[in-house]
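The sequence shown lines up with residues -17 to -1, 1 to 245 when you count with mature numbering (1 follows the signal peptide of the UniProt record, and there is no 0). No residue lacks a Cβ here, since even glycine has one placed at the ideal position from N, Cα and C. Just so it is clear, the structure is predicted and the values come from calculations on it, not from any experiment.
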Amino acid sequence: MHFSVIVPFILAAAVGAQDATPVNNNPLGAQYLAIMPAGGNAGIDAQFVAQSTEDGDGVMFMININGEVQEGGPFMYHIHENPVPDDGNCTATGGHLDPFGRGDATACDASAPESCQVGDLSGKYGTIPALPGFSAAYTDTWVSLVPGLGSFIGDRSIVLHTANKTRLACANFFPTNNTVALNGTTSTPKPATSSSDESASETTTTEAGGTVTSADVATSTSSARTVTAPTTTSSYIPSAATNVVVPAFLKLAMVVLVAFLM
């Protein structure tokens, strides 16, 4: 009787857990950033950048952790279900992001990352041997930057753990319009713009003998001076008002010719 009761629960658990679904529709240019310390250990100085790829397939992570020396490694880090509250309590972030119901009873198999919890980043891509001085960059196929999906991380947190699972530090992801590099520099992307002048560019001749268009001139640091092509000089033709001197012998020849014709 007990067996008949337990079996349905086992089957339900097996059916409920499934491999994560790849995400291929992340919005172009979407980026989220989590900065430590926000909660927990103030000796942690870390950046976790999550940025959409050029084709929208998965999310590229860039991680940089510095700060003070920490004990208790190797360290783990995971995306957790809930955000860090205002009081900075890392425990309030709940469990790992796990929309496919895998659970954490068994360790993540890095050779089959699709079978791991979506939020178990260190399980899929490796733990942190020691701190400070850790950097990593990789693309995760199963994390989403599309609001509303179960694997969306924009309203969640990331938590740094010691080897015994103590929560060392935590921070919330928040959206940003910047591109953040691992060296800490940032640059604001500029949207591509088009101008009607570029589509109707005019070609002119320069003194150097080449040609430039109006679009080229607009973007050049030195302006090219337009040169007018030289005008071809025509042969001299006297006008009707010009006096012409005719020699006497020609006049006589003309008289003889007229008399002959008559």
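Measure the C-alpha to C-alpha separation of Ala154 and Asn147 and round it to an integer number of angstroms.
Taking the sequence shown and counting its residues from 1, one reaches residue 154 at position 171. Taking the sequence shown and counting its residues from 1, one reaches residue 147 at position 164. Roughly 20 Å separates the two Cα atoms.
Alpha carbon to alpha carbon, how far is Asp40 from Leu143? Give it in angstroms, no decimals.
The residue you call residue 143 lines up with position 160 of the sequence shown. The residue you call residue 40 lines up with position 57 of the sequence shown. Each residue's alpha carbon lies about 26 Å from the other.
Nearest CA to the CA of Leu128: which residue from Arg85, Ile46, Gly50 and Thr159?
Residue 128 sits at position 145 when you count from the first residue of the sequence shown. Proximity to Leu128 across Arg85, Ile46, Gly50 and Thr159 peaks at Thr159, based on C-alpha coordinates.
Name the DSSP bridge partner or partners of Tyr121?
Walking along the sequence shown from the start, residue 121 turns up at place 138. The partner list for Tyr121 (beta bridge, DSSP) reads Phe44.
Would you kindly work out how many angstroms separate the C-alpha atoms of Val32 and Pro96, rounded to a whole number?
Along the sequence shown, read from residue 1 onward, the residue named residue 32 stands at position 49. Along the sequence shown, read from residue 1 onward, the residue named residue 96 stands at position 113. Each residue's alpha carbon lies about 20 Å from the other.
What separation, rounded to the nearest whole angstrom, lies between the Cα atoms of Thr76 and Val52?
Position 93 of the sequence shown, counted from the start, is the residue given in the question as residue 76. Position 69 of the sequence shown, counted from the start, is the residue given in the question as residue 52. Rounded to whole angstroms, Thr76 to Val52 spans 24 Å at the Cα level.
Closest to Tyr121 by CA distance: which of Asp103, Ala152 and Met45 is it?
Looking up residue 121 in the sequence shown gives position 138. Answer by Cα proximity: Met45.
Within 10 angstroms of the Cβ of Glu185, are there 16 or more other Cβ atoms? Answer buried if so, exposed if not.
As a position in the sequence shown, residue 185 is number 202, starting the count at 1. Summary for Glu185: the model assigns pLDDT 36, below 50, so the residue's position carries little reliability, and this model does not support an answer.
Taking DSSP's pairing of strands, which residues face Asn49 in a bridge?
Walking along the sequence shown from the start, residue 49 turns up at place 66. Asn49 pairs with Asp28.
Give the single residue among Pro10, Ala29 and His79 whose Cα lies nearest to the Cα of Pro130.
The residue you call residue 130 lines up with position 147 of the sequence shown. Among Pro10, Ala29 and His79, the Cα nearest to that of Pro130 is on Pro10.
Apart from the five residues on each side of it in sequence, which residues of its chain come closer than 7 Å, Cβ to Cβ, to Pro68?
Counted from its first residue, the sequence shown places residue 68 at position 85. Ala75, listed in sequence order.
By the 10 Å Cβ neighbour count, where 16 or more other Cβ atoms means buried, how is His90 classified, buried or exposed?
Walking along the sequence shown from the start, residue 90 turns up at place 107. Note on identity: in this sequence residue 90 is Ala, with His being the wrong assignment. So Ala90 ends up on the exposed side.
Just grab the DSSP bridge partners of Ser127 for me.
In the sequence shown, residue 127 corresponds to position 144, counting from 1. Answer is Phe135.
Which class does Pro57 belong to by DSSP, given the choice of helix, strand or coil?
For the purposes of this step, residue 57 is taken as residue 74 along the sequence shown, with counting starting at 1. If DSSP states are grouped into helix, strand and coil, Pro57 belongs with coil.
Leaving out five residues before and five after Gln100 in sequence, what residues of the same chain have Cβ atoms less than 6 Å from its Cβ?
Here residue 100 refers to the residue found at position 117 when the sequence shown is read from its first residue. Same-chain partners within the cutoff: His79, Asp81 and Arg85.
Which one of Arg150, Phe135, Thr145 and Met19 has the shortest CA to CA distance from Phe83?
Here residue 83 is taken as the residue at index 100 of the sequence shown, counted from 1. Nearest option by C-alpha distance: Phe135.
Spatial neighbours of Asp2 within its chain, please: CB distance less than 6 Å, with the 5 preceding and 5 following residues excluded, ordered by chain position.
Counting from one through the sequence shown, the residue named residue 2 turns up at place 19. Closer than 6 Å at Cβ, skipping near neighbours: Glu97 and Ser98.
Tell me the residue span of the beta strand (DSSP E) that contains Ser140.
To locate residue 140, count along the sequence shown from 1; it is residue 157. Taken as a continuous stretch (DSSP letters only), the beta strand (DSSP E) holding Ser140 covers Ser140 to His144.
Can you grab the Cα-Cα spacing for the pair Asp38 / Asn7, in whole Å?
Working through the sequence shown from its first residue, we reach residue 38 at position 55. Working through the sequence shown from its first residue, we reach residue 7 at position 24. Each residue's Cα considered, the two are about 8 Å apart.
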